[in-house]
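122 is the number that UniProt numbering gives to position 122 of the sequence shown; each next residue is one higher, with no gaps. C-beta atoms are modelled at their ideal positions from N, C-alpha and C, and glycine is treated no differently. Source: prediction; values computed, not measured. To start, the structure itself, in structure tokens.
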Amino acid sequence: MAHDGNDGKMFLQNDRLRISWPNVGKKPIFEKISTILKEATVPLQGTYIKNPVWNRLTDQDLISVHPLGGCPMGDDASTSAVNENCQVYSGKSGKETYNGLYIMDGSVIPRSLGVNPLLTICAISERACEKLISQKGLTINYNLPSYPKHTNVPDEKTLGIEFTECMKGFFSTQSKEDTERGYQIGKDEGSSIEFLLTIRSENLEEMIHNPDHKATLFGTVKAPVLSKDVITVTNGEFLLFISREDKVETRNMVYRMILNTEEGKKYLFVGAKWIQNDGLTNIWRDTSTLFTTIYEGETENSPVLGKGILHILPEDFAKQMTTMKVIHAKSLIDTIQGLTKFGSFFAGALYDVYGGVASSIVPWDKDARPRTKRPLRVSSPEVHFFKAEDGANLRLLRYKGGNKGPVLLSPGLGVSSLIFSIDTIDTNLLEYLFENQYDVWLFDYRTSIALPSAPLPNTGDAIATKDYPAAVNKVRELTKVDKIQVVAHCFGATTFTMALLSGLEGVRSVVLSQISADVEVPTSMDIKVGFHTAEILDVLGIKDMTAYTSNHDDWLDRFFNSVLALQPQSLFSHDVNPVSRRISFLYGSLYRLENLNEETYRYGLGEMFGVSNIKAFEHLSKMIRAHKVVNSEGQDVYVPHLDRLNLPITFIHGAQNRCYLPESTETTYKKLIDRFNPNQYRRHVIPDYGHIDCIFGKDAYKDVYPFILQSLNRY
Numbered sequence: 001m002a003h004d005g006n007d008g009k010m011f012l013q014n015d016r017l018r019i020s021w022p023n024v025g026k027k028p029i030f031e032k033i034s035t036i037l038k039e040a041t042v043p044l045q046g047t048y049i050k051n052p053v054w055n056r057l058t059d060q061d062l063i064s065v066h067p068l069g070g071c072p073m074g075d076d077a078s079t080s081a082v083n084e085n086c087q088v089y090s091g092k093s094g095k096e097t098y099n100g101l102y103i104m105d106g107s108v109i110p111r112s113l114g115v116n117p118l119l120t121i122c123a124i125s126e127r128a129c130e131k132l133i134s135q136k137g138l139t140i141n142y143n144l145p146s147y148p149k150h151t152n153v154p155d156e157k158t159l160g161i162e163f164t165e166c167m168k169g170f171f172s173t174q175s176k177e178d179t180e181r182g183y184q185i186g187k188d189e190g191s192s193i194e195f196l197l198t199i200r201s202e203n204l205e206e207m208i209h210n211p212d213h214k215a216t217l218f219g220t221v222k223a224p225v226l227s228k229d230v231i232t233v234t235n236g237e238f239l240l241f242i243s244r245e246d247k248v249e250t251r252n253m254v255y256r257m258i259l260n261t262e263e264g265k266k267y268l269f270v271g272a273k274w275i276q277n278d279g280l281t282n283i284w285r286d287t288s289t290l291f292t293t294i295y296e297g298e299t300e301n302s303p304v305l306g307k308g309i310l311h312i313l314p315e316d317f318a319k320q321m322t323t324m325k326v327i328h329a330k331s332l333i334d335t336i337q338g339l340t341k342f343g344s345f346f347a348g349a350l351y352d353v354y355g356g357v358a359s360s361i362v363p364w365d366k367d368a369r370p371r372t373k374r375p376l377r378v379s380s381p382e383v384h385f386f387k388a389e390d391g392a393n394l395r396l397l398r399y400k401g402g403n404k405g406p407v408l409l410s411p412g413l414g415v416s417s418l419i420f421s422i423d424t425i426d427t428n429l430l431e432y433l434f435e436n437q438y439d440v441w442l443f444d445y446r447t448s449i450a451l452p453s454a455p456l457p458n459t460g461d462a463i464a465t466k467d468y469p470a471a472v473n474k475v476r477e478l479t480k481v482d483k484i485q486v487v488a489h490c491f492g493a494t495t496f497t498m499a500l501l502s503g504l505e506g507v508r509s510v511v512l513s514q515i516s517a518d519v520e521v522p523t524s525m526d527i528k529v530g531f532h533t534a535e536i537l538d539v540l541g542i543k544d545m546t547a548y549t550s551n552h553d554d555w556l557d558r559f560f561n562s563v564l565a566l567q568p569q570s571l572f573s574h575d576v577n578p579v580s581r582r583i584s585f586l587y588g589s590l591y592r593l594e595n596l597n598e599e600t601y602r603y604g605l606g607e608m609f610g611v612s613n614i615k616a617f618e619h620l621s622k623m624i625r626a627h628k629v630v631n632s633e634g635q636d637v638y639v640p641h642l643d644r645l646n647l648p649i650t651f652i653h654g655a656q657n658r659c660y661l662p663e664s665t666e667t668t669y670k671k672l673i674d675r676f677n678p679n680q681y682r683r684h685v686i687p688d689y690g691h692i693d694c695i696f697g698k699d700a701y702k703d704v705y706p707f708i709l710q711s712l713n714r715y
């Protein structure tokens with residue numbers, strides 16, 4: 001289907017319809033369509049057959065279905081044949097129609113649609129029939145009493161789930177006991193094994209909560225050691241998370257199926273994933289590794305043929321998340337709730353990285369509008385969970401756009417690295433750097449809302465002295481480079497400055513957004529800090545604060561929202577979003593509303609902002625009172641080591657920042673250029689921007705990102 005132009009002619013000759021459209025088959029659009037169709041057959045292992053008359057011998061002739069628009073719909077008879085109800089006009093002008101004469105087919109469509117017009121034609125025809133019935137005062141019984149009633153149809157409220165999984169690995173018949181040995185022997189011998197399976201359960205709740213619930217499993221297996229042809233799967237069963245009595249805090253995900261070869265042999269395939277409750281560090285290993293045993297018969301009493309291991313690659317895992325489909329759903333909300341529930345249970349902490357549903361870190365708000373993610377223009381990420389020196393869980397997401405960098409992106413407080421990859425804007429910072437060939441690493445330190453440790457009492461000192469050294473060393477270890485680059489925003493920039501002042505090594509250049517070693521804030525923030533608000537909340541027993549709010553808040557949250565609504569309008573401008581108001585109360589004015597698009601304002605803020613612990617606020621308060629970075633005890637342990645900032649640094653600051661005033665980075669910048677080589681420092685003040693809108697503003701990709709790219713390219 002295509003827009004095929006309007007340079008052809010239809011005319012009458014000797015009372016016969018004639019069509020003249022010279023060289024229509026030679027138009028570039030048809031070559032483009034042919035190429036796309038040919039490419040589409042390759043993954044399906046099909047054979048592409050062109051239009052048989054579209055060749056040089058017939059001068060690229062075409063076969064076409066009937067054209068649209070022979071009796072076009074329009075406002076009156078002077079320009080069209082029928083009205084909006086498909087009634088035929090009776091004159092050459094005006095709106096009078098013949099009584100009882102209708103045209104309801106493709107000829108009433110006034111132009112080509114560019115897609116198959118079937119549904120459009122049907123919809124217009126059905127509408128015309130409804131109008132006809134209404135005008136005639138008719139009643140039609142649409143019931144079909146002959147339609148059989150199925151007794152095995154699931155309850156209307158019972159949601160099911162279906163998804164496809166692709167895993168690849170190695171297998172050997174020389175190992176009967178040890179799966180890892182079988183994998184290694186198979187790998188050495190090139191004895192590969194892979195499967196493409198579809199897993200389906202008619203009852204999602206049963207699948208999650210009943211360990212005996214078996215989902216069906218079907219698909220194909222490729223294993224040259226078993227058969228040179230594709231092997232079909234029958235009697236497939238999938239059991240989700242069976243508790244292991246022999247392994248404490250361990251559950252199994254079990255795959256069981258009969259393999260049927262073209263040679264007539266049958267084998268039993270049994271695979272298991274061991275999901276251990278050992279924190280986040282090994283979650284990718286556990287979720288992506290299938291330990292496999294194949295038996296020579298159809299039961300586990302049959303002799304063991306061999307063992308091996310299959311893995312799922314990050315790009316295949318990302319595809320798997322997109323294949324998840326909720327069955328028996330009656331609405332989009334049912335679908336989104338089902339996907340979120342199963343995705344979070346099946347993939348755990350990996351779901352927010354790979355899942356196709358956008359949701360906040362807080363529990364699902366049933367009144368919130370469901371939203372599916374825009375596919376990002378990047379590769380599937382590598383997920384690396386690792387630990388800081390004191391055992392805190394940390395996370396890195398790698399998107400390898402090229403060999404530049406590697407560059408580590410670090411977010412602020414009360415958010416996660418999602419601020420760099422949010423899909424509500426046309427181009428985010430991750431996509432921008434990826435498209436410019438950078439190896440990008442998104443970092444979530446211990447207070448990130450993407451980690452369970454977010455509400456725990458942590459200060460900036462631990463992030464500076466423990467989290468950053470672990471992250472920088474992890475990136476250096478995995479990329480085999482001596483030094484990396486870093487882009488850090490807000491609290492991430494503050495703590496990264498503290499890390500450098502503490503002696504952090506392995507960094508060759510830095511971009512700091514909005515803040516560094518010196519701290520200057522607006523009067524309103526000074527007043528709030530002067531009242532020791534954070535310390536008072538701590539004494540009252542409030543250990544964390546969250547920017548998220550919904551219609552299902554408890555009385556304290558609702559009271560908080562009511563108080564915020566009474567704040568002077570100058571504080572929040574025309575801001576009516578309760579999440580946005582909370583953000584402004586907690587952190588000050590973080591963005592100029594005119595720099596956010598509607599999707600980010602209404603939905604993105606609730607997904608990006610969440611809980612922050614009071615200890616971090618207390619630490620920030622001490623820095624604000626000191627007008628510089630200090631430790632959590634208020635001691636001046638960082639700035640005396642300013643000589644450790646003798647490296648290329650670029651400062652980015654919004655000219656209208658009302659969280660940290662531009663004087664903050666200006667003060668640090670002047671100290672550095674007076675003390676060291678001024679050529680290695682840059683400072684860019686962005687007109688009409690505030691604080692975090694420099695990161696996810698709708699036009700940040702053209703107003704801010706180029707300065708970040710220039711700095712990274714320079715070093």
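Please report the distance separating the alpha-carbon of residue i from that of residue j.
{"i": "residue 35", "j": "residue 252", "result": "46 angstroms"}
{"i": "residue 6", "j": "residue 28", "result": "15 angstroms"}
{"i": "residue 331", "j": "residue 201", "result": "19 angstroms"}
{"i": "residue 218", "j": "residue 309", "result": "20 angstroms"}
{"i": "residue 699", "j": "residue 334", "result": "34 angstroms"}
{"i": "residue 228", "j": "residue 312", "result": "23 angstroms"}
{"i": "residue 440", "j": "residue 432", "result": "10 angstroms"}
{"i": "residue 489", "j": "residue 167", "result": "38 angstroms"}
{"i": "residue 774", "j": "residue 511", "result": "With the chain covering 1 to 715 only, the question about residue 774 has no answer from this structure."}
{"i": "residue 267", "j": "residue 616", "result": "58 angstroms"}
{"i": "residue 207", "j": "residue 461", "result": "44 angstroms"}
{"i": "residue 413", "j": "residue 419", "result": "11 angstroms"}
{"i": "residue 475", "j": "residue 272", "result": "31 angstroms"}
{"i": "residue 425", "j": "residue 696", "result": "7 angstroms"}
{"i": "residue 504", "j": "residue 710", "result": "24 angstroms"}
{"i": "residue 161", "j": "residue 209", "result": "14 angstroms"}
{"i": "residue 417", "j": "residue 124", "result": "47 angstroms"}
Assign residue i to one of three DSSP states: helix, strand, or coil.
{"i": "residue 509", "result": "strand"}
{"i": "residue 469", "result": "helix"}
{"i": "residue 108", "result": "helix"}
{"i": "residue 617", "result": "helix"}
{"i": "residue 129", "result": "helix"}
{"i": "residue 263", "result": "coil"}
{"i": "residue 81", "result": "coil"}
{"i": "residue 49", "result": "coil"}
{"i": "residue 678", "result": "helix"}
{"i": "residue 517", "result": "coil"}
{"i": "residue 387", "result": "strand"}
{"i": "residue 212", "result": "coil"}
I'd like to confirm the pairing. Which residues does DSSP put opposite residue i in its beta bridges?
{"i": "residue 103", "result": "Partner(s): none; residue 103 has no beta bridge."}
{"i": "residue 493", "result": "None, per the DSSP bridge assignment."}
{"i": "residue 166", "result": "196"}
{"i": "residue 309", "result": "170 and 291"}
{"i": "residue 274", "result": "252"}
{"i": "residue 220", "result": "196 and 232"}
{"i": "residue 13", "result": "16"}
{"i": "residue 238", "result": "215 and 255"}
Mind checking residue i: buried by the 16 CB within 10 Å criterion, or exposed?
{"i": "residue 13", "result": "exposed"}
{"i": "residue 134", "result": "exposed"}
{"i": "residue 40", "result": "exposed"}
{"i": "residue 78", "result": "exposed"}
{"i": "residue 42", "result": "exposed"}
{"i": "residue 394", "result": "buried"}
{"i": "residue 573", "result": "Since pLDDT at residue 573 reaches only 46, below the 50 mark, its modelled position is unreliable, and the value read off the structure follows with that caveat. Looking at its Cβ environment, which holds fewer than 16 other Cβ atoms inside 10 Å, residue 573 is exposed."}
Nearest by alpha-carbon distance to residue i: which of the options is it?
{"i": "residue 73", "options": "109, 46, 94 and 52", "result": "109"}
{"i": "residue 106", "options": "100, 112 and 121", "result": "121"}
{"i": "residue 223", "options": "234, 172 and 373", "result": "172"}
{"i": "residue 718", "options": "496, 648, 693 and 9", "result": "What is shown of the chain runs 1 to 715, which leaves residue 718 out entirely."}
{"i": "residue 687", "options": "387, 99, 653 and 664", "result": "653"}
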